[in-house]
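Chains as they are written, first to last, in our numbering: chain B, 1 to 222; chain E, 1001 to 1222. For every residue, glycine included, the Cβ atom is placed at its ideal position computed from N, Cα and C. Quick notes on the structure that follows.
Protein chains: 2
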Amino acid sequence: MSSFHNPITIIIADDHPFYREGLLNVLHSNSKYRVVAEASNGKELIDLALEHEPDILIVDIGMPIMNGIVAIKKITALGLISRSIALSMHSEDTVMLQMLNAGCMGYLDKNTSKEELFEAIDSVVIHDRVYFPASTNSHMMELLSNSDYRPYPEAVIDFTDREKEVIGLVCRDFNSKEIADKLNLGHRTIESHRARIMERMNVKSVAGLVAYAYSNKIIGFY
Amino acid sequence: MSSFHNPITIIIADDHPFYREGLLNVLHSNSKYRVVAEASNGKELIDLALEHEPDILIVDIGMPIMNGIVAIKKITALGLISRSIALSMHSEDTVMLQMLNAGCMGYLDKNTSKEELFEAIDSVVIHDRVYFPASTNSHMMELLSNSDYRPYPEAVIDFTDREKEVIGLVCRDFNSKEIADKLNLGHRTIESHRARIMERMNVKSVAGLVAYAYSNKIIGFY
DNA sequence: CCAGCATTCCGTATATCTACTGAATCTTCT
DNA sequence: AGAAGATTCAGTAGATATACGGAATGCTGG
C-alpha cells in the first residue's frame, strides 16, 4: 500500500547538534535508512521536507522558532508527507494527543533505543501503521480512562503577540496589576487576556495556564 | 595549578542515549579527551564519579531520578570533583544561577557547537577558569541588573513527599478543594502546604509555583 | 525520652482571580 | 468600505487564594 524509497529516506529535526549527530550515527549504521537532510527548527523542517519529500520525518517536538508539532501540522496540511515520528522528552501524554491531532504516525521517547527507533520507522514506513511504544501506550490508556484527565484542546494554539506577552509575565509570577503597570494597561484588560488565554487553553486556573505554557514551550524560559 | 590527566578524562551524563552518542562522537574525534564513563541519571553519575574521579563532568541538567544540579551539588559536597560543566536546554538563567551555587564551573546550551564544547572543557580543566558562552553571559548580566528579576533562592530544595504530591496536583490545574478531596484532607491543610511550598520556593503565587516546578523538573510532566 | 520535622487542622481578614457580560477602538485583510 | 480579529476597558458577583497567627498529632533519629 505504502510506497517508499530504498533505502528509506529520512529527514531528522532536532535543535541539538549532538542529538542529531547521535541519531544520524545510529541511522547511518543501518543501510536500510538514509538521512537526506537535517533541520534544527520547524521552519527549516518545512522547507527541507518540501525539497526532499522523504519517506519519513523524525521530529523533535521542542524546537525553537517553530516547534515540531506545528511544523508537522503544516506539512501534513500541505498534503506532502503523511508519515512522521515525533520525539519527545518526557513522554508527556498531552503532547502525544496533540501529535496525533497533528497527523503524526509514531511517537518515541527521546531516550529510546536504537532497536525501538528502527522498529518505529519500519512500522510507519513499511507497514503503514502507527507506532507507539508499549510502555507509554498503556500509560496513556490509563490516563485516558481516568476521568480526571483532561487533554488540551487543539494541537497548538496560535496565541497573539499580546497573549504571549501576558503568558510570559504570568509565568514569571506577576499578578494582573503588576502586568498592567508593566504594560501600561488597565488591570481589567490583563484579566480579559488571561480569561481568554485560559479559555483557549481549556484550563481552569493560572496553574493550568503556566503548566500549559511550559508543556508547550510557549514561553522562552526567561 | 590544576592537575589533570592526559588525555583529559571525562564523564558525560545525559538521559538520552542519542545525545550521549553525539557527545561521545564529538569528544572521541579529539584525542585530547577521553570519555571514561557515561551516566543516564544523577545517581549513576555520582557512583561513576566516585569510581573514576575524572577531570571533568559534562552533565545534563534535566535527568530523571536525580537531576544534574542535585548530583553535582552532592559530588562537590563530597569534595571529590570540583570541575563540571552543565548542559541545559533553554539557557534558563535561573538554572544558571542554581548551577553556580551547586559548584559548576561551566555552562553550555545544549545546542552548542563542537568548538564551544572544546573551549569550555579547556577553560575549566586546563586553565581552571569558569566558562560561560558570551551570548548567555551578557543576557544574564542584563537580567541581573533588572530589578524585576528575582532568582530562586537555593539550588535545589528537598521537598517532602507530601509537598511533591501537592505540587504535582497544583500543576495539573486542581484547586485546593479538589486536591483535598483527592487526598482525603481538609482544604485548609492543602492551603498550608501551598503556602509553605511557595515560601520555600520564594514565589508569590501559584503561577510562580508551577513555573518553579517546571523549571526545576520537580514534577513528572504527567 | 526529647527535639525536630512532617503533617494535619483552623479563624479572620484581605487580595486576587474568575465568571458572565457587554462594548469601544484599532488593525488587517479582502 | 466592510468583515474579522486583536486589543482595550469595565461592572458585578462569587470563588479562591494568600497573609498572619496558632496549634495538635505522629514519627524519627539521637
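On the premise that residue j lies in contact with residue i, defined as a C-beta separation below 8 Å, what is that separation, rounded to the nearest angstrom?
i	j	result
E/Ala-1086	E/Ile-1121	Contact doesn't hold; Cβ gap of about 13 Å is too wide.
E/Phe-1118	B/Val-26	The pair is not a contact, with the Cβ atoms about 23 Å apart (cut-off 8 Å).
E/Ile-1010	E/Ile-1069	E/Ile-1010 to E/Ile-1069, Cβ: 19 Å. No contact.
B/Asn-67	B/Gly-103	Rounded, the Cβ-Cβ distance is 15 Å, inconsistent with contact.
Does DSSP put residue i in a helix, a strand or coil?
i	result
B/Ile-58	strand
B/Asp-47	helix
E/Val-1206	helix
E/Glu-1053	coil
B/Gly-106	strand
B/Ser-113	coil
E/Thr-1009	strand
B/Arg-34	strand
E/Ser-1084	strand
B/Glu-154	Since pLDDT at B/Glu-154 reaches only 38, below the 50 mark, its modelled position is unreliable, and the value read off the structure follows with that caveat. DSSP places B/Glu-154 in coil when its eight states are reduced to three.
E/Asn-1041	coil
Would you tell me roughly how many angstroms separate the C-alpha atoms of residue i and residue j, rounded to the nearest one?
i	j	result
E/Asp-1181	E/Ala-1207	22 Å
E/Leu-1185	E/Phe-1159	19 Å
B/Val-130	E/Ser-1088	32 Å
E/Ser-1084	E/Tyr-1107	9 Å
E/Ile-1075	B/Ala-39	37 Å
B/Ile-56	E/Gly-1022	21 Å
E/Ala-1049	B/Met-201	44 Å
B/Ile-167	B/Glu-199	13 Å
E/Ile-1012	E/Glu-1053	12 Å
B/Ile-197	B/Ile-179	15 Å
E/His-1005	E/Val-1203	44 Å
E/Glu-1115	B/Lys-73	35 Å
B/Arg-194	E/His-1193	26 Å
B/His-187	B/Arg-162	14 Å
E/Pro-1007	E/Ala-1037	14 Å
B/Asp-15	B/Asn-111	16 Å
E/Glu-1165	B/Leu-24	39 Å
B/Asp-47	B/Arg-20	18 Å
B/Ala-71	E/Glu-1191	41 Å
B/Met-63	B/Ser-3	29 Å
E/Met-1105	B/Leu-45	35 Å
B/Ser-147	E/Ser-1205	Only weak support exists for where B/Ser-147 lies, its pLDDT of 32 falling under 50; the value from the coordinates is given anyway. Approximately 27 Å between the Cα atoms of the pair.
E/Pro-1133	E/Asp-1109	8 Å
B/Ser-113	E/Ser-1113	24 Å
B/Thr-189	B/His-28	54 Å
B/Leu-183	E/Leu-1183	40 Å
B/Glu-51	E/Glu-1051	50 Å
Run the proximity test for residue i: is its beta-carbon closer than 7 Å to any non-hydrogen atom belonging to the ligand GTP?
i	result
B/Asp-47	Looking at this structure, you won't find the ligand GTP or any other ligand, since it has none at all.
Exercise for review: Assess, as a yes-or-no matter, whether the stretch 122 to 134 of chain B is touched by the stretch 1026 to 1042 of chain E under the definition of 3 or more beta carbon pairs within less than 8 Å.
Suggested key: Too few Cβ pairs lie closer than 8 Å, so no.
Review point. Does the stretch 164 to 178 of chain B come close enough to the stretch 1163 to 1172 of chain E that 3 or more CB-CB pairs lie under 8 Å?
Key: Because the criterion of three Cβ pairs below 8 Å is not met, the stretch 1163 to 1172 of chain E and the stretch 164 to 178 of chain B do not touch.
Practice item. Inspect the CB distances between the stretch 208 to 216 of chain B and the stretch 1199 to 1216 of chain E and report whether three or more fall short of 8 Å. Key: Touching, yes.
Practice item. Could you run through the stretch 9 to 36 of chain B and flag, in chain order, every residue whose CB is less than 9 Å away from some CB of chain E? Key: For the stretch 9 to 36 of chain B, the set of residues with a beta-carbon nearer than 9 Å to any beta-carbon of chain E comprises Asp-14, Asp-15, His-16, Pro-17, Phe-18, Tyr-19, Arg-20, Glu-21, Gly-22, Leu-23, Leu-24, Asn-25 and Val-26, in chain order.
Check your understanding: If you measure beta-carbon to beta-carbon, which residues of the stretch 1174 to 1208 of chain E are closer than 7 Å to chain B?
Key -> The stretch 1174 to 1208 of chain E vs chain B, Cβ under 7 Å: Asn-1175, Val-1203, Lys-1204, Ser-1205, Val-1206, Ala-1207 and Gly-1208.
Point to revise | Contact set between the stretch 1106 to 1119 of chain E and chain B, restricted to residues whose Cβ is under 8 Å from the partner | key: Listed by position, the residues of the stretch 1106 to 1119 of chain E near chain B (Cβ gap below 8 Å) are Lys-1110, Asn-1111, Thr-1112, Ser-1113 and Lys-1114.
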